[in-house]
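Chemist: Below is a structure I'd like to ask you about.
As structure tokens, then:
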């Protein structure tokens, strides 16, 4: 734990967020996401919800202002237009955190898996709600 | 996640609990415990409280019936006889989980650190309450 | 060993099953299967039959309900329509374990090898019966 | 698997038995033995009984004829003179395998643990019977 | 880089400070300190002064309130009572950062080396001033 | 060394032969073969001839009965139809070892190298005779 | 630190610059550059500006005289012809260091990333100014 | 050092030359060659000239008699037909060492780099003369 | 294999002999020697006799002329004064190889094991004769 | 190679000299010194003499001015007062390099070995002259 830093950010996760640069992406994944087989380093946070992790990550990491859609969720299989509760929660957290409006985009299930393969890292949370997955693209930090 | 197993038990923690044998000890530590420098493997569960972890561990791991005091907490510095709330919570969870009454013993702060050095592993939880530390000795599983 | 968990599931196998996510596949292989050269991590259970391992795995891991055929066996070389005894045994175990009917599909020998290359892991059992191989796709665990 | 070699001997176990020399010791341990924390390499054979493993090991490895007591079991805690069934089974297997009579000695529980710390390796079997532990000292193979 | 965290704290240093627990010690060392041979992990910050690093570390890490002297510098060889400018600077930074007055102690050169051997980590800065070394003991973070 | 197992089979070689499954291939190579650069694990047996190694390997490993040509040698460069003495020796050993007739095939030098790249392992013997190379495909072991 | 060598060159950076040969390229990157995900070894110099690092590197490493454009910067996104202050600073340092005039070329943002993927190493500085990135190609050192 | 073996051949270089087989290639490179980034293992001999190393290597390693051109140097950039002094020196050493005449071929600079990528190893010498690079193909050793 | 170097000396063994310095010791051990558990690196030469290995080693490595007894064998258990045939063979080989007479000393079995623990390396040969063990101390090579 | 740095200093040696701090010691050893078994990292410079290496090291590394005897050689066995030529050469190089007179001390052969065990690193040169060994203690670099 450290002062003034959300305590849910583990040493390994802080290392990762700090090492990421402009344009690198990180995945916050729910408990059913195939995170270990996706390729990138998998950081586990079994006791935490995806929403708590999103809030903590956005406290220290800006989203990419160079991209119109700096955050992506997964479409419901068979019902791509529905918005699960957890995705609505993600949007609320983004709205509260943003220094500029950040629009949530989304991807079909297997396209989401494919995009996750080139992420910097994947955080596997203990989120039980299905579709509790979000990809974030890191922005620039100006002095 | 797996069926019928508390979801807070991560793959690494399940591995550890399963690999432990009769008499091996594991430490559940709070967020301020110097777990990384103690020597044994440190398994982080940043998002979970010590009480939630204790409950989950006792769901799959029996305490040692060969020992009169199979679980140990840390004494309050300067007030060894006081019982912090979290220690009382530990005792309640033990009482509810036990197939036989398991008495909590305790150790002075630095003796507790010393005992932790020879543990099988240490779980660093996100427990914010001070003195949220407990050492458990694994018992025998009979067929 | 742990309470309430089949004792045949070794620490490494528990780790693996728990780390797998929705859609990841695991192979239970007989003693003649070329498991070490297939690519994925090979977990050995030399003293156990493939049927005992299947039963233990299904006790903790659900099959994928998103897929019509979440389990695959290997066709007999030169006689693709025959059903070896062990494959019949696999079907019985699936029928007994399932919360929903799971149909066994099958693949030609070299197609089976190819599919195994992208599995999460392969369990090499001590099964002496030929064709004692099965691929399982993990499902979602709902809270 | 190989021809003319008990199939329960896994690649890693064959490696180990072959690499051992005159006077090196190996432990066959039951499922509750604290094998991972003892120090030597731990070879798991979760699906096999201690007696099946002993039989297979003695098929390829001679006991040390230089020592009067080349095999040791663990005394029952609180009743050092009792002979558990599994120890009697060990003796029968030794009698059947031996080219010369090999006497079983025994050690108090913690002395047994201490002796195990300097073994070449420990085999953790799936043996459920308590006290299913035996230390074997390898003999010379003459051309 | 991250928001609201001094940018001089590299990913590895953030990891380290976050992983440290109550009572763990870290050394901030000058450019001539024998940091690589001391034993603990050495984290290099070649471009930074010791004072800039001290300021950044104290922004996220509290000193130990359980100890009367939670910070130690090195005595000048042959003149143990003198106070080099950089040590005076260290004291000023501590005074400005502290939620409670933290007194600087000091150790003879080789005693300082010895104490550094059991630190959690050593940060080798680019500090050119001699005696630019300080040991800090981490305190508790209360929720 | 072990009882009833050819003593020339080293621990690493026994491990390898045992870990191989149906259809995996192993190369027995002469002392001039470019074994280290071929890709597969290289097991050295510098003091042994290729014929002694072949005899020992066939004592524990069956050839693949599913394949008409389960063993391959290297053609003489510039004289593909000639049969070097050592190849004739290989055939004699195969004839003596076989539970069914196993026909030796052969490959042009660079095709042999290419095939060796996907072998399970390569044994580099001390064989001084040129063309002392043979690829063996492992068969099934029936209980 | 060493005599006559800029003290900002850390041991790892000296190793790298010395190991590079004719035509190898190194990237000096600003604090926002995605250096850890680019592929090459990432050497961090969090406390140093990109200009200080460039000056130190050119003190020991010549640019490639075989190439007309041995150094490359990144074009401003959306304004490829503008010359940011830091790029002007880079040019001044090159002019002062050169034994022969070295012309700065530049690449579009993603082409710059692509080129960085095949560099020998990337130095991540603490440079806060955007576009503080430069690729250098090492020249020949004549005796 | 060993008896009867050129003392300039370090343990690692002896290992490498001995492990190479028929047709494997090794590069002797000058001090400016980009050896570390080429791919193969790089063995440094900073204190030795390329000619001294060539002489020592040829004392223990034969060139390939199956190939008309078993040794290759690098063409001078912009002047492919010139023969630098060091290349003439290489030819003299080959002439003196050979049991059969070995003709030096050559490759354009980038073709030489490309060929070096698939070498068994690269020896980086301290040779200051430009174009002090040579690729050697190992021959057969007959008993 | 290399020219003018005994072909039984494998790459790893050549590396080892060359890396050894004045006063370092190497053990040539028979097939029953507990070489893997002794501590030093174990180099296997399963197909070779101890006498063939001794001859090859002495061809490249001098014995220590600073020590009166630069070579040691193991005493026969229970009969320390007897001289096994293989020890007589060792003496003959030493006599033939020496540039100065080298006297064989000997050690009791467990004292020999103890001495072997601090050797540079142990060569495990395929020697079937008991007591086929010898420790050699390397001498100085003068230019 | 780098500009203005002696080309005999390899990347690994530069790394080492730069990482050393005040009071750390490095050994320059002759070709017969038992450098690999001494414990510290061994850096080989097979083609270089001990005197050339000493000269190059002193060009970048100061000796410790806090110690009256910052450099030590090895006494001749049986003649501790004699001064071998190479030791006289070492003294001349020290005299020429020093910013202050540095006196050479010496140690008996086995005391020298013992001191070398705690060095930061050992450089094994190709020096053929006996007693070509020297231990250097690094001093402070003032800005």
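Residue numbers (our numbering), protein chains in the order written: chain A, 979 to 1121; chain B, 979 to 1121; chain C, 979 to 1121; chain D, 979 to 1121; chain E, 979 to 1121; chain F, 979 to 1121; chain G, 979 to 1121; chain H, 979 to 1121; chain I, 979 to 1121; chain J, 979 to 1121.
Quick reminder that beta carbons are idealized off the backbone N, C-alpha and C, glycines included.
DSSP state of residue 1069 of chain H, grouped into three classes?
Modeler: helix
Chemist: Taking a cut of 8 Å between CB atoms, which residues from the segment 981–996 of chain B lie near chain C?
Modeler: 981, 982, 983, 985, 987, 988, 989, 990, 992, 993, 994, 995, 996
Chemist: In whole angstroms, what separates the C-alpha of residue 1055 of chain A from that of residue 1100 of chain B?
Modeler: Take the alpha-carbon of residue 1055 of chain A and the one of residue 1100 of chain B: they are about 40 Å apart.
Chemist: With a threshold of 6 Å on Cβ separation, who are the neighbours of residue 984 of chain A within its own chain once the five nearest residues in sequence on each side are excluded?
Modeler: 1034, 1037
Chemist: What is the DSSP secondary structure of residue 1086 of chain I, counted as helix, strand or coil?
Modeler: coil
Chemist: First and last residue of the alpha helix (DSSP H) that includes residue 1080 of chain J?
Modeler: No alpha helix (DSSP H) holds residue 1080 of chain J; DSSP gives it neither H nor E.
Chemist: Which of the three DSSP states is assigned to residue 1021 of chain B in this structure?
Modeler: DSSP places residue 1021 of chain B in strand when its eight states are reduced to three.
Chemist: Just the chain B side, please: which residues come within less than 8 Å of residue 1039 of chain A by C-beta, in chain order?
Modeler: Simply none; closest approach about 17 Å.
Chemist: DSSP state of residue 1064 of chain B, grouped into three classes?
Modeler: helix
Chemist: Taking 8 Å as the CB-CB limit, is residue 1013 of chain E close to chain G?
Modeler: no
Chemist: Using three-state DSSP, classify residue 1003 of chain G as helix, strand or coil.
Modeler: Assigned with DSSP and collapsed to three states, residue 1003 of chain G falls in strand.
Chemist: Can you tell which of H:986, H:1004, H:1049 has the C-alpha that lies nearest to the C-alpha of residue 1097 of chain H?
Modeler: H:1004
Chemist: May I ask which residues mark the beginning and end of the alpha helix (DSSP H) holding residue 992 of chain D?
Modeler: That run of the alpha helix (DSSP H) goes 989–997.
Chemist: Return helix, strand or coil for residue 1036 of chain J, following the three-state DSSP convention.
Modeler: helix
Chemist: Within 8 Å of any Cβ in chain H, is that where the Cβ of residue 1104 of chain J sits?
Modeler: yes
Chemist: For residue 1010 of chain H, return the contacting residues in chain G, with the cut-off set at a CB-CB distance below 7 Å.
Modeler: Result: 999, 1000, 1118, 1119.
Chemist: Based on the DSSP secondary-structure assignment, which residues constitute the bridge partners of residue 1102 of chain F?
Modeler: F:1007, F:1022
Chemist: For residue 1031 of chain D, which of helix, strand or coil comes out of DSSP?
Modeler: Residue 1031 of chain D: helix per DSSP, three-state reduction.
Chemist: Between residue 1052 of chain H and chain J, is the shortest Cβ-Cβ distance under 8 Å, so that the two count as touching?
Modeler: no
Chemist: Any beta carbon of chain A sitting closer than 8 Å to that of residue 1044 of chain C?
Modeler: yes
Chemist: Three or more C-beta pairs closer than 8 Å, one from the segment 985–994 of chain G and one from the segment 1051–1068 of chain G: is that the case here?
Modeler: Verdict: no, contact absent.
Chemist: Considering only the alpha carbon of each residue, which of I:1078, I:1009, I:997, I:1087 lies closest to residue 1104 of chain I?
Modeler: I:1009
Chemist: Does the pairing of the segment 1040–1059 of chain H with the segment 1077–1090 of chain H give three or more beta-carbon distances under 8 Å?
Modeler: yes
Chemist: The beta strand (DSSP E) with residue 1114 of chain B in it runs from where to where?
Modeler: 1112–1115
Chemist: Taking 8 Å as the threshold (beta carbon to beta carbon), is residue 1098 of chain D in contact with chain I?
Modeler: It does; some Cβ of chain I falls within 8 Å.
Chemist: Could you pull the start and end residues of the beta strand (DSSP E) that residue 1052 of chain E belongs to?
Modeler: 1049–1052
Chemist: Comparing alpha-carbon positions, which option in F:1031, F:1091, F:1110, F:1057 lies nearest residue 1017 of chain F?
Modeler: With distances taken between Cα atoms, residue 1017 of chain F lies closest to F:1091.
Chemist: To the nearest whole angstrom, what separates the beta carbons of residue 1021 of chain B and residue 980 of chain B, a pair I think is in contact under 8 Å?
Modeler: Going by Cβ atoms, the distance from residue 1021 of chain B to residue 980 of chain B rounds to 17 Å, so no, they are not a contact pair.
Chemist: In chain F, which residues lie with their C-beta within 8 Å of the C-beta of residue 1055 of chain C?
Modeler: Neighbours of residue 1055 of chain C on chain F, chain order: 1044.
Chemist: So who's on the other strand from residue 1041 of chain B, going by DSSP bridges?
Modeler: DSSP output for residue 1041 of chain B lists B:1116 as bridge partner(s).
Chemist: For residue 1109 of chain G and residue 1027 of chain G, what's the separation of their Cα atoms in angstroms?
Modeler: Cα-Cα distance, rounded: 12 Å.
Chemist: Between residue 1000 of chain G and the rest of its own chain, which residues show a CB-CB distance below 6 Å, the 5 nearest in sequence each way excluded?
Modeler: 1118
Chemist: Find the nearest neighbour of residue 1011 of chain B within the set E:1107, E:1042, E:1089, judged by alpha-carbon distance.
Modeler: E:1042
Chemist: Is the shortest distance between the beta-carbon of residue 1083 of chain A and the beta-carbons of chain B less than 8 Å?
Modeler: no
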